[in-house]
Every structure is written in C-alpha cells, then in structure tokens.
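Residue numbers (the working numbering), protein chains in the order written: chain A, 114 to 515; chain B, 114 to 515.
Here is the structure:
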C-alpha cells in the first residue's frame, strides 16, 4: 500500500503518469474519478431554453412549424449560408427527405467511412448504398474513387463532411455532372463549417442537431438547399406531403421539428460563437499536448474552410506509438477516459451491407486503414483545459509504458 | 346599428342564435371572439414538465434511450396493455419501424378513410397501399372488404382504430391468418382505448403522441407489441440497427424519442385519468346538446371497449339537416369555430395514390359517403362545457336557418 500512496502523491504533485504502474491498466488510480466522454451534450443556456419552451406551452403551439421552429430556421440560415433551411426531427429523417426531394434513385455512391446512419437512411427508403474510398488526410469521399464507381445504375452521390472536414466539393460536383446524377451532402458533423470561397455545394445538405452534436436540439436535423424546387419538395415531404394550403400533393413523412427542440436550438445558437471559440481553444490545447507524442497524430482542419472542431480525432500508428488504437482505447478506458472509434468498422463491414452481393468484394484500403487507426477524444463544453492536459498526459504515458 | 346592438343583447341574454341574422355568416357577431379549435394541445402539468426536463438537462442525458424515455415507456405500458413498448420520435416513423419489424412486404391492405400518414408511412419505405372500405357505423376497416382484396401480392394488413374506435380485431385476425400475412394496427388515435375482453391484436400497433393528441409529447409515438421477436427488431431498428452492445446488426433508422418529449409524456400521463374524464364529460355534453338537432348525428363509442373520446365526430345528413357538411363547416368557421373534415378526402383520392394504376378504379362507397359527411368538432382541455353548449347552439341554429 505504500507504493500506491507514493504514486498518488506523485500523480497529484505533477499531474502526470510518470511510471508504468501509474497507469490504471497496471493498477494505478484512474486519471478521472468520473467518466469523461466524447459527446456529452452542450447546454450553454438552460434558463433561456426553459423560458422559450415555457412560452411555447403557454401559446399551445407545440409542433407543426411553430414560431420557434421558424425562428430557429432563420438563425440556422446565418450559419449554413443556404437560401432555404428546413428543421427536422432528426438528421436521418432529413437524409431520407433530402434524398427523395433531390431525386436520388437506385444506387447511391457514398463513403463506407461514416456513421452508419448515412447508409441506413438510404437503404431505409429502398436505395442501395455503393461504398467508395476516402482521402487519408481528411477522411472525406475521394472523387477519383467515386468516378470509378459510377455505372448506369448510379442514381446519386452522397458526400459526407466527416468530422467537419468539407469534401472536395468542386471535384465531386464535376463527377456528379459527368454522371448526370444529383449530389447531396451529409453535413451532420459540419454545422459551423463553411468554405471560405463560395462554390458548388450539391443539391442539398443535411445537418444534425443530435444531443451529442456541437449544437443540439435534443434530437434534430436540418435540410439546407439553394434550390427553390428542392426546397418546395422538402417542405412538403417533411410534413406529410402537404402544400401550404394543407392539401396533400405527393408522398411524404413526418420529419417535423418540435417547438421544444427549436427552443433548445435557439437558446444554443445564440451562444454558438462562444461555443465554437471554446472548441477551437480545446483543439489547440490538444495539439500542444500531443505534439511530442510519437505515433499519435491529431487530424487538423483542412485549409480553405471554417471548422467547428467538434471532434478531436487522432490517428494511432502502432509502429511509432508502440501500441495500436484498440490498445490505447483500452488503456484510456481504464482511466475513465471514454473515447470512441469514430468510425469503425466501415459500413461495408456491417450487416446488412457486408452480406450484399453489390458490396463484395470491395477494395477500400484507406477506409480499412483509418477504421483501424482513428480514435476520437473527449471534447465539449463540459471538458476543461485541465482535463485536456490530463488526457494528453495519459496518452503520452500510454505511449511510453503501455 | 340598432339591429346589431339588439342582436348582441339577445345573444348575450340567452346564449343562443335565435334568428337567422344572428349567425355570423349572415352578419351576426361570431359566437367566439377567438378561434376555438380541434386539437389545441393539452398541457395538464406544465410545471411538472419543466421540472422533469430541467433534471434531464442537469444530467446531460438528452436522448438515446434516457431515463425519462424508459420511465415513459413503463407508464405507457399500463395503458397499452402490451408487453413491450418503444417510444419513438413520431407515429409515422413508428409505423415505418413496425412495418419493417413485422415483415410487411409488397402490397399492404389498409383503409382509405384515415389520416394520410397511414398510407404515406408505407409508401415512404417502398410498400404499396391497397385501399379497402370501412364500416359506416365505426369508420374502421371492414373485414369483408379486406378479405376480398387479398391477392398473392398481399404482404400485410394495416388496420386503423379511427377516432379511437377499435377495429373488429377478431375478424381481421382471421383474414390475416387465412392470407398468411402480418397484421399491424395504426392506433394513433386510440391511446386509452382497449377492448374489455382480451383478444388477438395483431403483431404490433402504433400510437401517436403528436401535439394534437389526447396525450402529447410535443411530437412522439410508440410501437407496442406482445412479441419478443418483433420487439427486438423494433428496438434495434428505431436506433440505427444497433443491438444492446451498440453493434449494428441490421437495417435501421433514427426513430428515438428525446428526453424532452418523454418529460412531457410523463407529466401528462400522470394526469391522464383526469384528462380522460374531462373528455368523457365533454362527449356527454355534446350528446345532450345535439340530441334534438335533426340530421347531425354524433358518432358514439362502440360497445366492448374503453374509449378516449378524443374526437367529437358528427355525421351531417343533408336531407334531414337541410345543409351539407361543407356548408356547416363554413357556417361554423364564420363563428370562429374551427372544425376539421376528419378525414376527407380519402387517401385513394390524393396524390400519389389517385394516379397509381393499382388503385383505380376503386369502389369504396362507404368511404366516399363518410368523407362527404363527417365533421370533427372542438374538444380538449381548453374547451369548457359552456363552449360545448355554445357550439351546439350554433349548430342547432345553423340547421334551423342556414
């Protein structure tokens, strides 16, 4: 017990895991008494939310395109920089609406390296995901891989701005134009990320305001588009196929955002600049803390865009780090640092896609490599700069000792 | 102006529209200064809701099957009397999940006389609605009409407990068994409605907690089933195809209910008995107020079930009433009484179904008649007994004079 007490003193004094036995996986005290997580919800303005939702209740207007949803759509437009913005129940429903509103059909080319909802949203409505490879530096859809996958059965392309890294939209736009198919973006992770120079951005894009996103509405999403025609179809389809006179004019679903969700969205978007600044500073803190750790490389924001730094993603190279991603995941877990393997495995290795003849065999070397190497670290308004220092200390110790 | 002042005195004194000119459509003062509506949201426990949602925010657990959703599912089970209950983002998403979880395929036989979401939920996921006729007394699916519509392409039957009137479940169960297809119920309007004697109730049923329902969660729904197998698929499918270990095991979508919605559900279900009692007493008040009005007949609850009286629906027979449903709708509208033509037109007369070769020509005489004759009158916690008296007075005056 003396050894253990000594170690505690050392950890407290220097805030680091100095020797192998300091690591919790070797019997040391965990670096965090309580779990520290990826995606703990941000609620920057609880009282403001309660005030807004209380007003909604008093006016007895709880859903159905109410005043809070309208206001939130207006505020969101300032961030998406799109002409038309439709708030939705969640981003998966929004992807379904966007796919139908933009006319995606048959086979839809998309990355395998994404959250499974991207593929599931398509297959839910009868479309067939066809998986392509991604760029190793950004994790976004590789336009050459897309171009090679185009066939007469291709009915659309779905790019994903993974981790807030914007796709090479100009190149994808050219591939889509050559193929004569619509291009849609899954921007679920990219709220607050915009190109510095205007350019083609596809027929529509879909944002997520799920609880774990940088801006959350409990559950929620948004379809954004510059096209009047696409917008008209989105408005109708997300509300049972109604037109503005409440006549059914075509197919539809219920993908409406509630007033409670919009209240949270408004309260949070009013503080978004401060939230983004916090994330940026935590990102820089991680960069500093991990700079000297061999084999653990922070993904940096691509040039030419604003970024939300919503995810802190490192690439673990076992040769240089002396341990692989899965081992680091376990070592950090023992310290109560709950990281995520975002995104592993690739969608093409999950049911139902892995058993689908369309998808096998697939040659996605970058996806295979990334899914084995990436790890997403805790960030959010509940993560302090000191927490980041401690996490970086633990990672450094893991690389030294584990 | 003297005549108008006289009328006002008369209306105030007796609370009725005594002469033709008292009706707003003929220049009288509207019976209501502000609109009185069908489906104004019930919020029986605002403070309790705010307390619960505030707790959810403090624990930073805003979605993803949180403690409030779990509690709400447990409370809802006491009302659905089903073994398994899964709360959802809304009822349309729930219908999609239930259809896939129960294995509906190809053509699905359903009533045309329903809210369009019933049909739209099926077509959204690639199923084909085939419309049948309904019983004139209850508005629910006619089992004989269903049996006649069964073909080798039939892959499921979808009954709708319209206005809270339960379908003839025993007969539908037999038709489904003979056809060898799954039977699912759309119970969107039937929360609180259960058969007095237990019997077959299909593979699953779907409830709605939309803002306008007797119990609301802003937006929300529920899939209820007694089948362990169906339940397992519903749980997975409504959460991205994950199993309990968060591995993707099959197709899915996001149909999760948020903690804010569950908070409203819990706060409201705690008061549900009182809410149901209020609706029952308003229903009786309408019955009394309309008893002597020729040609305007209140639909009554079928025997053998509990009922939520969520909708006050009258049938307007022009021969006896001297005016038709559309004229009564207009006359009441002028009085600021906002009624609804629930449900008109039938789904088979709306796009995209009316243009689909599968659906034409259709012979649905009861549906055609009901869609021309039914009218839904204001009810809800914001409607007082005196409001009901005044509405009945106006209807009586309309029949006398309009």
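The C-beta atom is built at its ideal place from N, Cα and C for all residues, glycine as well. Values in this document were obtained by computation on a predicted structure and should not be read as measured data.
Residues of the stretch 142-174 of chain B with Cβ closer than 7 Å to any Cβ of chain A, in chain order: Only 153, 154, 156, 159, 163, 167, 170, 173 from the stretch 142-174 of chain B bring a Cβ to less than 7 Å from some Cβ of chain A.
Beta strand (DSSP E) segment containing residue 411 (chain B), residue limits: 409-411
Nearest neighbour of residue 158 (chain A), chosen from B:167, B:151, B:157, B:153 [CA to CA]: Minimum Cα distance to residue 158 (chain A) is reached at B:167.
Cβ pair residue 343 (chain A), residue 319 (chain A) closer than 9 Å: no
Reference residue 462 (chain A), options A:511, A:283, A:475, A:479, closest by Cα: A:475
For residue 377 (chain A), the nearest candidate out of A:182, A:354, A:152, A:220 (CA to CA): A:182
Amino acids of chain A, ordered along the chain, whose beta-carbon sits closer than 7 Å to that of residue 369 (chain B): 332
Given residue 195 (chain A) as reference, the closest of A:483, A:165, A:338, A:278 once Cα atoms are compared: A:338
Where residue 141 (chain A) falls, given that 16 or more other Cβ within 10 Å makes a residue buried: buried
Residue 175 (chain A) and residue 372 (chain A) closer than 9 Å at C-beta: yes
Residue-level contact to chain B via CB, residue 244 (chain A), 9 Å cutoff: no
Own chain residues within Cβ distance below 6 Å of residue 288 (chain A), not counting five before or after: 256, 259, 260
Three-state secondary structure (DSSP) of residue 454 (chain B): coil
Same chain, Cβ closer than 7 Å to residue 325 (chain B), neighbours up to 5 away in sequence not counted: 152, 154
Simplified DSSP assignment, three categories, for residue 355 (chain B): In the structure shown, the three-state DSSP call for residue 355 (chain B) is strand.
Chain B within 9 Å of residue 496 (chain A), Cβ atoms only: No, residue 496 (chain A) lies away from the interface with chain B (no Cβ there is under 9 Å from its Cβ).
Contact with chain A by residue 377 (chain B), beta-carbon distance below 9 Å: Yes, residue 377 (chain B) counts as interfacial toward chain A.
Identified DSSP bridge partners for residue 418 (chain B): Residue pairing by DSSP places residue 418 (chain B) opposite B:308 in a beta bridge.
Three-state secondary structure (DSSP) of residue 481 (chain B): helix
Simplified DSSP state of residue 273 (chain B), which is helix, strand or coil: strand
Residue environment, residue 264 (chain A), which counts as buried when at least 16 other CB atoms sit within 10 Å: Taking every protein chain shown into account, the CB of residue 264 (chain A) has fewer than 16 other CB atoms within 10 angstroms, so this residue is exposed.
Start-to-end residues for the alpha helix (DSSP H) that takes in residue 500 (chain A): Segment 498-514, the alpha helix (DSSP H) holding residue 500 (chain A).
Where residue 353 (chain B) meets chain A, residues with beta-carbon distance less than 7 Å: 229, 230, 233
Reduced DSSP category for residue 362 (chain B) - H, G, I as helix; E, B as strand; rest coil: DSSP places residue 362 (chain B) in coil when its eight states are reduced to three.
Beta carbon proximity, residue 203 (chain A) to chain B, threshold 9 Å: yes
Which of helix, strand or coil DSSP assigns to residue 159 (chain B): Per DSSP, reduced to three states, the secondary structure at residue 159 (chain B) is helical.
Where residue 236 (chain A) meets chain D, residues with beta-carbon distance less than 8 Å: Protein chains A and B are contained in the structure displayed, whereas chain D is not.
DSSP beta-bridge partners of residue 549 (chain A): There is no way to answer for residue 549 (chain A), as the model of chain A reaches only from 114 to 515.
Cutoff 9 Å: residue 463 (chain B) Cβ touching any chain A Cβ: yes
Supposed contact pair residue 515 (chain A) and residue 406 (chain A) - C-beta distance, whole angstroms, cut 8 Å: No, residue 406 (chain A) and residue 515 (chain A) are not in contact; Cβ-Cβ is about 12 Å, not under 8 Å.
Any C-beta of chain A under 9 Å from that of residue 239 (chain B): yes
Sequence-distant residues of its chain with Cβ nearer than 7 Å to residue 285 (chain B) (five each side left out): The residues are 254, 256, 259, 270, 272, 296.
For residue 313 (chain A) and residue 62 (chain B), the rounded distance between their alpha carbons: Here chain B covers residues 114 to 515 and nothing more, so residue 62 (chain B) does not appear.
Where residue 370 (chain A) falls: helix, strand or coil (DSSP): coil
CA-to-CA distance, residue 276 (chain B) to residue 323 (chain A), given in whole angstroms: 34 Å
Under the three-state DSSP convention, the category residue 244 (chain B) falls into: In this structure, residue 244 (chain B) counts as strand in the three-state DSSP scheme.
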